[in-house]
Amino acid sequence: MNVGRIGAIVEKELRELRSNPSAVLPVAILVTVCLTVPFLVLVVMPQMTGESLAADPTLRLIVEKAARSSPRLAALQMEAAVEAFMYQQFLLLFLVAPIVGAVSLAAYSVVGEKQGRTLEPLLATPLTTAELLVAKVVAAFLPAIVIEAVALLLYVLLVFLLASPGVAGALVNARSIVLVGIVGPIAALAALQMTIAISSRVNDPRSAQQIAVLLVVPLVVMVIGQISGAFVITVPILLLMAAVLAIVWVLLILLSMALFERETILTRWK
Amino acid sequence: MLTATHLTRAFESRVAVDDVTFEVRAGEVFGLLGPNGAGKTTTLRMLGGLIPASTGEVQIRGVQMNRQTAESLRRRIGFLTETPGLWDHLSVEENLSIYGRLFGISNVEGAVADSLRRFDLWSRRNDRAALLSKGMKQKLALARALQHDPEIVLLDEPTANLDPETARGVRDMLFDLRRRGRAVVVSTHNLDEIERLADRIALVSTKLIAIGEPALLRRQIFGRRFRIRLLGTPATMELVSVAERAGARDVRIEEDGFSMLVDVPETAPAIVRALVEHGAEVREAFDDQPPLEEVYLKLLSATA
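Protein chains in written order, with our numbering: chain A, 191 to 460; chain B, 520 to 823.
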């Protein structure tokens with residue numbers, strides 16, 4: 191592996207991204223939604239209706255159940271605990287943001303090379319297939335993670351400014367850190383790798399995005415299950431999820447390597 | 520410098536290149552000629568280490584191209600692909616500098632500046648590649664293929680779609696590469712161009728049909744022949760029959776006389792003498808080389 195060559199391709203990808211910002215449009219929209227919806231639900235709506243969320247008996251029950259496994263939540267007043275619980279559930283949306291970001295960037299980067307017929311001259315350089323793949327993954331992963339990190343910081347800052355005292359502090363716990371620091375990036379890597387594998391078989395970035403974004407479905411199920419109180423996702427469950435996603439990622443790397451054989455690219459990619 | 524030995528490449532049941540052997544020397548421009556689907560691009564890809572041969576081998580200065588050596592051997596090769604394959608969203612300069620880094624050029628900035636000046640792209644260096652004309656794109660692709668000063672240059676249709684002036688620039692650049700001792704392989708359909716450029720040509724149609732200097736190939740196919748041109752006289756028809764009896768062929772009536780083709784040069788003096796004796800005035804006699812196109816078509820039809 192030659193780091194200089196990988197760096198050259200990553201730089202090229204980032205420069206292309208700079209001159210073609212439409213590739214980050216899906217993730218920009220999603221991040222805006224992630225940063226808007228929680229505050230609409232938890233700040234704007236209670237003010238408009240004059241009714242606190244803590245008044246909902248079902249929600250109180252769910253929060254009480256969750257507080258049994260979360261001392262920080264248990265330490266808060268019911269009003270603040272409900273807010274902290276809800277903000278924590280909305281945090282799951284930030285898992286989706288890096289996935290969508292990575293998927294859209296990777297789809298453009300691979301299918302774009304196909305459409306522009308730019309891979310053949312690239313394969314005539316000393317660049318190896320593994321280096322090319324690593325560069326593609328890094329170049330899509332970095333901006334997605336940066337966007338996720340910036341969005342999370344903004345989220346915590348807004349929670350600190352708009353929520354009840356102590357809520358922002360309750361958000362920063364082991365569960366949140368595992369969720370956004372481990373599960374999120376690994377889920378993004380798996381989705382990214384899936385996009386790269388799919389991109390070798392399709393000619394339109396949208397097709398690759400549509401298929402790879404299916405990885406978001408289990409996460410959405412998880413969000414709904416959490417909010418409805420059907421189950422509580424604990425740190426061990428999150429770590430198990432991370433392990434499963436890591437295995438899926440490794441399998442997808444192997445699949446991508448097989449599909450990215452230079453011969454396949456030159457003779458079968460159309 | 521570059522040798523292909525019994526090079527064969529099959530894609531599933533279809534054989535694209537079948538048992539092709541040739542050598543390209545340093546300081547030589549070698550033309551690869553053949554109809555569409557003859558296996559020229561596949562041959563170039565095998566020479567460039569982009570795809571492996573099914574059987575046979577490619578060697579560069581005695582080092583066999585394989586999975587282990589391809590990475591280092593590709594550093595010594597400059598490959599111009601059939602389509603320029605530029606990154607449209609990047610500038611002309613960025614397209615060159617990224618490739619410079621991929622080839623491990625030590626002073627990328629200097630090499631890029633040199634290439635931009637050499638290929639007359641300096642004034643467009645900050646423009647996005649998408650904004651360039653077809654000719655400029657081809658120039659940029661050439662600059663990209665040559666900026667690491669490769670020993671071996673593989674060019675797939677280098678002057679396709681270029682205007683005459685730019686095509687001439689490309690030819691001059693190829694002559695310069697030859698002068699500097701580079702081994703150049705050019706694949707093309709353009710017979711006029713290859714005739715002007717190539718020291719030797721290989722005609723391929725899946726298999727290697729013929730190989731050699733264009734003039735030698737002509738002689739192999741058509742022999743050595745002269746055309747004799749005579750001034751017309753009142754006895755023209757009589758002279759024509761005299762010439763034909765003496766062995767001349769392809770007698771053509773021209774504006775102020777007639778001409779004939781003499782296949783075997785040894786018989787030319789006898790024919791001229793016979794004509795002069797019958798009152799003909801010989802205006803000129805010259806080597807009559809058929810165009811390369813005739814050689815090409817004849818060889819191909821013989822194979823078919």
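Beta carbons are placed, not taken as given, at the ideal position from N, Cα and C, and that holds for glycine.
Going along the chain, which residues of its own chain have a beta-carbon closer than 7 Å to the beta-carbon of Ile443 of chain A, five neighbours each way excluded? Spatial neighbours of Ile443 of chain A in its own chain (CB-CB distance under 7 Å, excluding positions within 5 residues in sequence) are listed in chain order as Gln383.
Need the endpoints of the alpha helix (DSSP H) that Met235 of chain A sits in, please. Element bounds for Met235 of chain A: Met235 to Thr239.
Residues of the segment 277-310 of chain A whose Cβ lies closer than 8 Å to any Cβ of chain B, in chain order: If the cut-off is 8 Å between Cβ atoms, the segment 277-310 of chain A has Gly306, Arg307, Thr308, Leu309 and Glu310 near chain B.
Contact between the segment 619-634 of chain B and the segment 565-574 of chain B is defined here as three or more beta-carbon pairs at a separation below 8 Å; is this criterion met? No, they do not touch.
Closest to Met565 of chain B by CA distance: which of B:Asp537, B:Ala545 and B:Gly553 is it? Nearest of B:Asp537, B:Ala545 and B:Gly553 to Met565 of chain B, Cα basis: B:Asp537.
Name the one or two DSSP bridge partners that Phe805 of chain B has. DSSP lists B:Arg746 as partners of Phe805 of chain B.
Using a Cβ-Cβ cutoff of 8 Å, what residues of the segment 610-626 of chain B are near chain A? List them in chain order. From the segment 610-626 of chain B, only Glu613, Ile617, Tyr618, Arg620, Leu621, Phe622 and Gly623 have a Cβ closer than 8 Å to chain A.
The segment 365-377 of chain A in contact with the segment 266-277 of chain A per 3-pair CB rule at 8 Å: Cβ pair count under 8 Å is below three, so no.
Would Leu266 of chain A count as contacting chain B if we go by Cβ distances under 7 Å? No, because no Cβ of chain B sits closer than 7 Å to the Cβ of Leu266 of chain A.
I'd like the list of long-range same chain contacts for Leu606 of chain B, defined as Cβ closer than 7 Å, with 5 residues on each side in sequence excluded. First, the amino acid is wrong: residue 606 of chain B is Trp here, not Leu. For Trp606 of chain B, the CB contacts under 7 Å within the same chain, skipping 5 residues up- and downstream, are Asn614 and Ala648 in chain order.
Cβ-Cβ separation, Ala387 of chain A to Ser446 of chain A (assumed contact under 8 Å), whole Å: Distance from Ser446 of chain A to Ala387 of chain A at the Cβ level is roughly 5 Å; contact confirmed, criterion being Cβ atoms closer than 8 Å.
Whether or not the segment 207-223 of chain A and the segment 278-290 of chain A are in contact is what I'm after, with contact meaning three or more pairs of Cβ atoms, one per stretch, closer than 8 Å; do they touch? Contact holds between the segment 278-290 of chain A and the segment 207-223 of chain A, because three or more Cβ pairs, one in each stretch, are under 8 Å apart.
Given this structure, state the Cα-to-Cα distance separating Pro236 of chain A from Ser209 of chain A, to the nearest angstrom. Cα to Cα, the separation comes out at about 42 Å.
With DSSP as the reference, identify every bridge partner of Ser706 of chain B, one or two as the case may be. DSSP, once it has assigned bridges, lists B:Leu551 and B:Asp675 as partnering Ser706 of chain B.
Using only CA atoms, which one of B:Ala686, B:Pro683, B:Arg701 and B:Leu659 lies nearest to Leu673 of chain B? The alpha carbon of Leu673 of chain B has as its nearest neighbour, out of B:Ala686, B:Pro683, B:Arg701 and B:Leu659, the alpha carbon of B:Arg701.
Chain-ordered neighbours of Arg594 of chain B on chain A, where CB pairs are closer than 9 Å: Within 9 Å Cβ-Cβ: Thr315 and Pro316.
Return the bridge partner residues of Val577 of chain B from the DSSP annotation. Beta-bridge pairing links Val577 of chain B to B:Ala523.
Just checking my contact of Leu640 of chain B with Ala664 of chain B at CB under 8 Å: how many whole Å lie between their CB atoms? The beta carbons of Leu640 of chain B and Ala664 of chain B sit about 14 Å from each other, so the pair does not count as a contact at 8 Å.
For Ala198 of chain A, decide whether its Cβ has a neighbour in chain B, counting only Cβ atoms nearer than 7 Å. Taking Cβ atoms only, chain B reaches closer than 7 Å to Ala198 of chain A, which makes this a yes.
Buried or exposed for Gly415 of chain A, going by 16 or more other Cβ atoms inside 10 Å? Per the 10 Å Cβ criterion, exposed.
Cα separation between Ala789 of chain B and Arg764 of chain B? Cα to Cα, the separation comes out at about 11 Å.
By the criterion of Cβ-Cβ separation under 8 Å, what are the contact partners of Thr457 of chain A in chain B? The answer, in chain order, is Phe530 and Ile570.
If you scan the segment 325-403 of chain A from start to end, which runs of the alpha helix (DSSP H) of 4 or more residues do you find wholly inside it? Correct list: 357-361, 364-368, 374-389 and 395-402.
Beta strand (DSSP E) runs contained entirely in the segment 560-615 of chain B, provided each spans 3 or more residues: List check, beta strand (DSSP E) in window: 574-579 and 596-599.
Under 7 Å between the Cβ atoms of Leu569 of chain B and Leu313 of chain A? Contact: yes.
Within the continuous beta strand (DSSP E) that includes Thr540 of chain B, where are the two ends? Thr540 of chain B: member of the beta strand (DSSP E) spanning Arg533 to Val543, first to last residue.
Per DSSP, Phe530 of chain B is paired with what? Per DSSP, B:Arg533.
Could you name the residues of chain A that Leu605 of chain B contacts, counting a contact when the two beta carbons are closer than 8 Å? Think of a sphere of 8 Å around the beta carbon of Leu605 of chain B: the chain A residues whose beta carbon falls inside it are Gly306 and Thr308, in chain order.
Give, in chain order, every residue of the segment 547-575 of chain B whose Cβ lies closer than 7 Å to some Cβ of chain A. Residues of the segment 547-575 of chain B whose Cβ lies closer than 7 Å to any Cβ of chain A, in chain order: Arg564, Gly567, Leu569 and Ile570.
With 7 Å set as the bound, which would you pick, yes or no: does the beta-carbon of Glu206 of chain A sit closer than that to a beta-carbon of chain B? So, interface residue.
Complete runs of the beta strand (DSSP E) confined to the segment 680-744 of chain B [at least 3 residues]: As far as the segment 680-744 of chain B is concerned, its whole beta strand (DSSP E) runs of at least 3 residues are 702-707, 719-724 and 726-731.
Does the CB of Val527 of chain B have a neighbour CB from chain A at under 7 Å? Val is not the amino acid found at residue 527 of chain B; the sequence shown has Thr there. It does not: the Cβ of Thr527 of chain B has no partner Cβ on chain A nearer than 7 Å.
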